[in-house]
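Asks: Position 42 of the sequence shown, counting from 1, maps to 86 under this note's numbering, and the rest follow consecutively. Using N, Cα and C, we set each Cβ at its ideal position, and we do this for glycine too. Only a predicted model underlies this, so the values are computations on that prediction, with no experimental measurement involved.
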Amino acid sequence: MGFSGSFIVARAERPLTGLTAMRAADTAPLWWARDGEWQILQACPIADPDSSIISETRAPVLVCHVVDSDFVTVRAGSPDGLTWGCALSPEMARDYGIPGEWIGDAAEAGERAAAWAREAGLEPDPVALGAALVAECDPLAEDLVLALVHALGFRFRDGAELDVPAGSAG
Numbered sequence: 045m046g047f048s049g050s051f052i053v054a055r056a057e058r059p060l061t062g063l064t065a066m067r068a069a070d071t072a073p074l075w076w077a078r079d080g081e082w083q084i085l086q087a088c089p090i091a092d093p094d095s096s097i098i099s100e101t102r103a104p105v106l107v108c109h110v111v112d113s114d115f116v117t118v119r120a121g122s123p124d125g126l127t128w129g130c131a132l133s134p135e136m137a138r139d140y141g142i143p144g145e146w147i148g149d150a151a152e153a154g155e156r157a158a159a160w161a162r163e164a165g166l167e168p169d170p171v172a173l174g175a176a177l178v179a180e181c182d183p184l185a186e187d188l189v190l191a192l193v194h195a196l197g198f199r200f201r202d203g204a205e206l207d208v209p210a211g212s213a214g
């Protein structure tokens, strides 16, 4: 059995775990890294912060849900209303019975993802982005999340394992 949980990418001065939307999601933080004010947080179980996280951060937000380390559903939004979504490891997602409209078209998702990244002030790599959107997990879908955020232009460094409080989800 693999990892099932989420990666949340958002811009905030304080830790993402302190955001109201994240506290309401009732998850246990596992790992965290920064790229300037941008942060990525890995949490379990699957965290689904509501859309208020966009208004709370006043910045684009990316939420990736990993299912058993096999595939990832991706949803992104921005204050200007630009949204996009897809599934990473699309063939595996199909094997799980995920509807085609949730998986999306890689070319269309790539265009919208690149526009989203530019709105976030990033410089996406279109070749790496296209590759991340069609790649299958080998062996872990979590690696596809990291490939995606790198292709979008994030450079998260110095990640840290987070202590999970006793009795927390996970």
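In this structure, how does DSSP classify Asp182 when only helix, strand and coil are distinguished?
Replies: Counting from one through the sequence shown, the residue named residue 182 turns up at place 138. Three-state DSSP puts Asp182 in coil, outside helix and strand.
Asks: Considering only the beta carbon of each residue, do Ala157 and Pro168 sit closer than 8 Å?
Replies: As a first step, residue 157 must be located in the sequence shown, where it is residue number 113. As a first step, residue 168 must be located in the sequence shown, where it is residue number 124. Taking 8 Å as the Cβ cut-off, Ala157 and Pro168 qualify as a contacting pair.
Asks: Give the secondary structure of Ile147 by DSSP, where H, G and I count as helix, E and B as strand, and everything else as coil.
Replies: Start at 1 with the first residue of the sequence shown, and residue 147 comes out as number 103. Ile147: helix per DSSP, three-state reduction.
Asks: Beta-carbon within less than 8 Å of Gly129's beta-carbon, same chain only, minus the 5 sequence neighbours each way: which residues are those?
Replies: On the sequence shown, residue 129 is found 85 positions in, with the first residue counted as 1. Thr117, Val118, Arg119, Ala120, Trp146, Gly148, Ala153, listed in sequence order.
Asks: Nearest by alpha-carbon distance to Gln86: which of Ala195, Val189, Arg199 is it?
Replies: On the sequence shown, position 42 is the one that residue 86 refers to. Minimum Cα-Cα distance from Gln86 among the listed residues Ala195, Val189, Arg199 corresponds to Val189.
Asks: Please confirm whether Ser133 and Asp114 have their CB atoms less than 8 Å apart.
Replies: Position 89 of the sequence shown, counted from the first residue, corresponds to residue 133. Position 70 of the sequence shown, counted from the first residue, corresponds to residue 114. It is a contact, given that the beta carbons lie within the stated cut-off.
Asks: Hey, would you say Met66 sits closer than 8 Å to Leu60, going by beta carbons?
Replies: As a position in the sequence shown, residue 66 is number 22, starting the count at 1. As a position in the sequence shown, residue 60 is number 16, starting the count at 1. For the 8 Å CB-CB criterion, Met66 and Leu60 form a contact.
Asks: Tell me whether Glu135 is buried or exposed, calling it buried when 16 or more other Cβ atoms sit within 10 Å of its Cβ.
Replies: Numbered from its first residue, the sequence shown carries residue 135 at position 91. Answer is exposed; the Cβ neighbour count stays below 16.
Asks: Could you tell me which residues DSSP puts in a beta bridge with Leu132?
Replies: Numbered from its first residue, the sequence shown carries residue 132 at position 88. Beta-bridge pairing links Leu132 to Val116.
Asks: Excluding sequence positions up to five away, which residues of its chain have a Cβ less than 8 Å from the Cβ of Cys88?
Replies: Within the sequence shown, numbered from 1, the residue matching residue 88 stands at position 44. Only Phe47, Ser48, Gly49, Ser50, Thr71, Ala72, Leu74, Ala213, Gly214 meet the Cβ criterion.
Asks: In this structure, how does DSSP classify Ala213 when only helix, strand and coil are distinguished?
Replies: In the sequence shown, residue 213 corresponds to position 169, counting from 1. Unreliable positioning characterises Ala213 in this predicted model, as indicated by a pLDDT of 44, which lies under 50. The coordinate reading is nonetheless provided below. It is coil, neither helix nor strand.
Asks: What are the start and end residues of the beta strand (DSSP E) that includes Ser50?
Replies: For the purposes of this step, residue 50 is taken as residue 6 along the sequence shown, with counting starting at 1. Residue range 49 to 55 is occupied by the beta strand (DSSP E) that includes Ser50.
Asks: Suppose only complete runs of 4+ residues qualify. What are the alpha helix (DSSP H) ranges in the region 76 to 104, listed by chain order?
Replies: 96 to 101
Asks: Could you pull the start and end residues of the alpha helix (DSSP H) that Arg67 belongs to?
Replies: Taking the sequence shown and counting its residues from 1, the one referred to as residue 67 is at position 23. Its alpha helix (DSSP H) spans residues 64 to 68.
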